[in-house]
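Undergrad: Structure provided below as structure tokens; questions to follow.
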Amino acid sequence: AEVASKDEQPKKLFICITSDRGLCGAVHTGVARHIRPELTEDPNIKVVCVGDKSRAILQRLYGQNIAMVCNEIGRLPPTFLDAAKLTNAIINMGYDYTEGKIVYNKFKSVVSYGVTDIPIFSLKSVESAEKLPVYDSLDSDVIQNYLEFSMATLLFYAMKEGACSEQSSRMTAMDNASKNAGEMIDKLTLTFNRTRQSVITRELIEIISGAAALETKD
588 AEVASKDEQP KKLFICITSD RGLCGAVHTG VARHIRPELT EDPNIKVVCV GDKSRAILQR
648 LYGQNIAMVC NEIGRLPPTF LDAAKLTNAI INMGYDYTEG KIVYNKFKSV VSYGVTDIPI
708 FSLKSVESAE KLPVYDSLDS DVIQNYLEFS MATLLFYAMK EGACSEQSSR MTAMDNASKN
768 AGEMIDKLTL TFNRTRQSVI TRELIEIISG AAALETKD
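Position 213 of the sequence shown, counted from 1, bears residue number 800 in the working numbering, the numbering being contiguous throughout.
Shown next, in the form of structure tokens:
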């Protein structure tokens, strides 16, 4: 979308798609790391944390930027109703943003994902777009309805992609943890067997030495 330039500083909104669950590698930290440079440059950016993990990561340094936190994310597969409720909460939270983006993990394969973002715009920004007059019979209500449905659709897409990336990353992380635990058990078992064998050998030597000493005295 092409938005008309304004003299005033644009108000930005970032929507970070994570979840409440952990044990999934760097899925959540990647989303937070993606927006940190911009939060450092512009302290006026507001953040909506979808999932408690993004809030926990950003709270210490960027707590003043967090406008809203949505919990109970990730325990069940996301639905379009969840995205619609989230859209309604964002629209009614009272922050009049001009532009922003949805930051999420995009699924690539079972062992690969990447952090990316989708731009979003407010009603005022779209109404001031240079090419909007190309479309006939578009009043504010039509544009508003389109923006709400568009945001809900984009959020649903991002939540689905994020959930898929999280599950694949968790599967990989748990598989690696199982392999590491197996290797550790094997090493500890070997160490235990060597220690036990050393103790048995030492005790046998002591018994044999004692018996030999008794035979020498006799």
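Ideal placement from N, C-alpha and C gives every residue a C-beta, glycine not left out.
It should be emphasised that the depicted structure is a prediction, and the values quoted were computed from it without experimental measurement.
I'd like the list of long-range same chain contacts for residue 651, defined as Cβ closer than 8 Å, with 5 residues on each side in sequence excluded.
TA: Cβ within range, chain order: 630.
Undergrad: Using beta-carbon positions only, say whether residue 689 and residue 705 come within less than 7 Å of one another.
TA: Against a cut-off of 7 Å, the Cβ pair of residue 705 and residue 689 comes out as a contact.
Undergrad: Buried or exposed: where does residue 674 fall if 16 or more other Cβ atoms within 10 Å of its Cβ makes it buried?
TA: Buried: at least 16 other Cβ atoms inside 10 Å.
Undergrad: Are residue 735 and residue 708 closer than 7 Å when you measure CB to CB?
TA: Against a cut-off of 7 Å, the Cβ pair of residue 708 and residue 735 comes out as no contact.
Undergrad: Please name the residue or residues paired with residue 694 in a DSSP beta bridge.
TA: Per DSSP, 700.
Undergrad: Could you have a look at residue 632 and say whether DSSP puts it in helix, strand or coil?
TA: Note: residue 632 maps to coil in three-state DSSP.
Undergrad: Name the one or two DSSP bridge partners that residue 599 has.
TA: Looking at the DSSP assignment, residue 599 forms a beta bridge with 686.
Undergrad: Look at the alpha carbon of residue 606 and the alpha carbon of residue 751, and state the distance between them as a whole number of angstroms.
TA: Distance between the alpha carbons of residue 606 and residue 751: 12 Å.
Undergrad: For the segment 632-686, list the beta strand (DSSP E) runs that are entirely contained and at least 3 residues long, ordered along the chain.
TA: DSSP runs (the beta strand (DSSP E)) wholly in the segment 632-686: 633-637 and 653-657.
Undergrad: Quick check on the burial criterion: 16 or more other C-beta atoms within 10 angstroms. Buried or exposed for residue 589?
TA: With a pLDDT of 46 at residue 589, under the threshold of 50, the predicted position of this residue should be treated as unreliable, though the coordinate-derived value follows. The residue in question, residue 589, is exposed, as its Cβ has fewer than 16 Cβ neighbours within 10 Å.
Undergrad: Which value, in whole angstroms, describes the spacing of the CA atoms of residue 604 and residue 715?
TA: Computed Cα separation, rounded: 28 Å.
Undergrad: Under 8 Å Cβ to Cβ from residue 780, same chain only, skipping five residues before and after it: list those, please.
TA: Excluding sequence neighbours, residue 780 sits near nothing in its chain.
Undergrad: Only counting the same chain, and skipping five residues up and downstream in sequence, which positions put a Cβ closer than 8 Å to that of residue 722?
TA: Hits under 8 Å: none found.
Undergrad: Under the assumption that residue 598 contacts residue 683 (Cβ atoms under 8 Å), give the Cβ distance between them as a whole number of angstroms.
TA: 7 Å between Cβ atoms; contact.
Undergrad: On the three-pair Cβ rule with 8 Å, is the segment 759-775 touching the segment 651-666?
TA: Too few Cβ pairs lie closer than 8 Å, so no.
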